[in-house]
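Participant:
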DNA sequence: CTTTCAATCTGGTATATACCAGATTCTAAA
DNA sequence: TTTAGAATCTGGTATATACCAGATTGAAAG
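Residue numbers (this note's numbering), protein chains in the order written: chain E, 82 to 322; chain V, 82 to 322.
1. Consider the Cβ of residue 111 of chain V: report whether some Cβ of chain E lies at a distance smaller than 8 Å.
2. Could you tell me how far apart the beta carbons of residue 210 of chain V and residue 183 of chain V are, in whole angstroms, since I believe they sit closer than 8 Å?
3. For residue 295 of chain V, collect the residues of the same chain with a Cβ closer than 6 Å to its Cβ; drop the 5 residues on either side in sequence, then sort them by chain order.
4. Can you find a CB in chain E that lies within less than 8 Å of the CB of residue 315 of chain V?
5. Considering only their Cβ atoms, is the gap separating residue 217 of chain E from residue 162 of chain E smaller than 8 Å?
6. Any C-beta of chain V within less than 9 Å: which residues of the region 245-272 of chain E qualify?
7. Please classify residue 107 of chain E as buried or exposed, where buried requires at least 16 other C-beta atoms within 10 Å of its C-beta.
8. Can you list, in chain order, the residues of its chain whose CB lies under 6 Å from that of residue 207 of chain V, leaving out five sequence neighbours each side?
9. Kindly indicate which residue of V:118, V:140, V:109 and V:104 has the alpha-carbon position closest to the one of residue 271 of chain E.
10. Where do the N-terminal and C-terminal ends of the alpha helix (DSSP H) with residue 126 of chain E fall, by residue?
11. Quick check: is the beta carbon of residue 83 of chain E nearer than 8 Å to any beta carbon in chain V?
12. Taking a cut of 7 Å between CB atoms, which residues from the region 280-298 of chain E lie near chain V?
13. Could you check what DSSP says for residue 97 of chain V in three-state terms: helix, strand or coil?
14. Who are the neighbours of residue 97 of chain V on chain E, taking C-beta pairs under 9 Å?
15. Would you list the one or two residues that DSSP bridges to residue 362 of chain V?
16. Is the CB of residue 157 of chain V under 8 Å away from at least one CB in chain E?
17. Going straight from the alpha carbon of residue 269 of chain E to that of residue 89 of chain V, what length do you get?
18. Alpha carbon to alpha carbon, how far is residue 312 of chain E from residue 113 of chain V? Give it in angstroms, no decimals.
19. Under three-state DSSP, which class holds residue 84 of chain V?
20. So what does DSSP say about residue 175 of chain E, is it helix, strand or coil?
21. When the Cα atoms are used, what is the spatial distance from residue 310 of chain E to residue 264 of chain V?
22. Rounded to whole angstroms, what is the Cα-Cα separation between residue 170 of chain V and residue 282 of chain V?
23. Taking DSSP's pairing of strands, which residues face residue 145 of chain E in a bridge?
24. Below 8 Å on the Cβ atoms is my contact criterion, and I expect residue 144 of chain E with residue 158 of chain E to pass it. Report the Cβ-Cβ distance as a whole number of Å.
25. Count the other C-beta atoms from every protein chain shown that fall within 10 angstroms of the C-beta of residue 130 of chain V, then say buried if there are 16 or more, exposed otherwise.
26. Look up residue 303 of chain V in the DSSP assignment and give the residues it is bridged to.
27. Beta strand (DSSP E) containing residue 267 of chain V: first to last residue?
28. Could you tell me whether any Cβ in chain E is nearer than 8 Å to the Cβ of residue 93 of chain V?
29. For residue 274 of chain E, tell me which candidate among E:307, E:250 and E:293 has the shortest Cα-Cα distance.
30. Between the region 121-152 of chain E and chain V, which residues of the former have a C-beta closer than 8 Å to a C-beta of the latter?
31. What does residue 172 of chain V reach in chain E if we use C-beta pairs closer than 8 Å?
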């Protein structure tokens, strides 16, 4: 590798790899050469090659699949957490395929932190739903949902592999009035990372949505753990005056 | 270091360091021991110690200052990009100090991508303002602002080290009606990273806000590049019905 | 007391090497 | 043809070492 340049070698390698991606030589989801191959091609150590790859991963250009290799990240989808239109149709509108899988659903005692956030008494029963969502068959987010059973008794009997809010609207006549949304980058904890088939500790984007109805009553708390490179949050807000 | 555990050594080290932070033994902005000290303490290589540190950095628990060392990340502030109340007062409400610094301000021909986003003709003149904002004297974000001169002629004559929207409201009677907001994690490009005194390629959070008035006329395009661990986006949305 | 500059401390980058464990592929047996 | 298991490929983790360059510190010179 050229050492005359002042730019560090691993960044030079990064640049060349990034070029191949941005120029379209390597397409979305395509596998990159193995680390050992890259280190040979560029006459660098595997450690240095890895540095370049990790850099590209941080930038969102590539992602890794546990012990299978490195792949080109597909385009980000837009995502509006303030709207409750179906995830699937929303994603499909953007030209991607989407799918939801329910991992678990049960009635539990509300976790303390949820009770605090939702403003309901400790120990209240709530529905807890875990879902995994795919975009183009790639698992992109894990969702943890807490619902107030008062408003939607028996909802666990339904299939939850489709739009939850469609169900809440049609079956239970529920409509969220106010949504409080929090967003920040965070690393994915082991269980979530496993469920998304990425390494523990890889960075993700955390979104929490708390919905109340007109009477200020708690409807839903939704926690989403996204791959950081899978989407772009898009919100439109019209003035309050 | 204990090798009986199945958890990788670098994560065990991570855990012990994280403990010291979360238990409050190490306070916000406190300097961690040097990498070489840590590797000696834990009987590991510096490379492995670094792995633990990089992990903690990704989690937002610590940050680095170029060749000065590693430090404990202070608490995230809340930030609502949909509101236009002054940054400084907003941050101070949360018990932190804040400060804004204008890096440059000029009248330029609108960059093509801005014209496209804003829906104004190519080549139109716009004001371009670069600012740097501090929280507790730590540079936390870089802001690039594009303003429509039609609406706020001569604004560059004013001091821009205070609330821009306060100025726009009081001096020019401007009020944003619709805001289109985009948020996603992204690595910081060299110039931004330098201005924030972090390494090029460190992860950040990108926020773009596009404001129009009631007539659909372009008011402002605001791009913000945040340290990923400095804040938490908080938005409240009331129903559209 | 202040300034200057060298010594030192710290992270940044890079090489060479090794072994492990999950994923994939290939091969030989059923 | 199918299947079980071995060989192989791939990333994951870890050691040992080295040199560079910016930041800080401390001592000597003014």
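Cβ coordinates follow ideal geometry from the N, Cα and C atoms, glycine included.
Facilitator: In short, the structure shows the following:
1. no
2. 7 Å
3. 258
4. yes
5. no
6. 256, 257, 258, 259, 260, 261, 262, 263, 264, 265, 266, 267 and 268
7. buried
8. 191 and 227
9. V:140
10. Counting along the chain, residue 126 of chain E falls outside any alpha helix (DSSP H), and DSSP gives it neither H nor E.
11. Only weak support is given to the placement of residue 83 of chain E: the predicted model assigns it a pLDDT of 44, under 50, and the value that follows is read from those uncertain coordinates. Residue 83 of chain E does not count as touching chain V.
12. 282, 284 and 286
13. helix
14. What residue 97 of chain V touches in chain E: nothing, since even the nearest Cβ is about 15 Å away.
15. The requested residue 362 of chain V does not occur in the structure, where chain V is confined to residues 82 to 322.
16. yes
17. 17 Å
18. 34 Å
19. Residue placement at residue 84 of chain V is flagged as unreliable, the pLDDT there being 40, under the threshold of 50; a coordinate-derived value is accordingly withheld.
20. coil
21. 12 Å
22. 31 Å
23. E:151
24. Between residue 158 of chain E and residue 144 of chain E the Cβ distance is about 15 Å, and since that is not below 8 Å, they are no contact.
25. buried
26. V:226 and V:290
27. 259-268
28. no
29. E:307
30. 136, 139, 140 and 141
31. None at all; the shortest Cβ gap to chain E is about 16 Å.
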